[in-house]
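In the numbering used here, the protein residues as written are 57 to 186. Below: the structure, in structure tokens.
Next comes the structure, spelled out in structure tokens:
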């Protein structure tokens, strides 16, 4: 482990390095490993809006609802960092990510999408009543 108790898989997800992600998972590294703040590689893929890294991690069994120390799941991180793009949001939801999961501040992913007043993001939650 390195700074902040981050694993090589955390950094591979952050860098959207598909070959490293595949090799590390094949070598037995857990896709659910949490760093000191509770972030998993999936949180980092969401932070970077990396659809390919997230798909590799989810296909390897990453748990979609892991919370960091702030109570945020990868879906909350994806909404915050989406810049109007929704492919990653759709992917996470297809794996069961809960759009009504409240973080430590009581904010949900769907609430965050509406709070930032970004129609491009909010449209991916049109099926969710809050």
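Even glycine gets a Cβ: it sits at the ideal position worked out from N, Cα and C. All values reported here derive from a predicted model rather than from experimental measurement.
Item to complete: Please look up how many angstroms separate the CB atoms of residue 144 and residue 138, rounded, as I've assumed it's under 8 Å.
Response: 7 Å
Practice prompt. Kindly indicate which three-state DSSP category residue 97 falls into: helix, strand or coil?
Written response: Correct three-state label for residue 97: helix.
Item to complete: Measure how close the beta-carbons of residue 122 and residue 103 come, nearest whole angstrom, since I'm counting them as under 8 Å.
Response: Rounded, the Cβ-Cβ distance is 14 Å, inconsistent with contact.
Discussion item. Restricting to Cα atoms, I'd like to know which of 76, 129, 141 is closest to residue 162.
Written reply: Residue 162 has its Cα closest to that of 129, out of 76, 129, 141.
Practice prompt. For residue 93, count neighbouring C-beta atoms within 10 Å of its own C-beta (all shown protein chains included) and say buried if the count is 16 or more, exposed if not.
Written response: exposed
Discussion item. Could you tell me the alpha carbon to alpha carbon distance between residue 82 and residue 142, rounded to whole angstroms?
Written reply: 29 Å
Practice prompt. Let me know if residue 73 comes out buried or exposed under the rule of 16 or more other beta-carbons within 10 Å of its beta-carbon.
Written response: buried
Worksheet item: Taking DSSP as the reference, what is the three-state secondary structure of residue 132?
Response: helix
Worksheet item: By how many angstroms is the C-alpha of residue 157 removed from the C-alpha of residue 135?
Response: Taking the straight line joining both Cα atoms gives about 13 Å.
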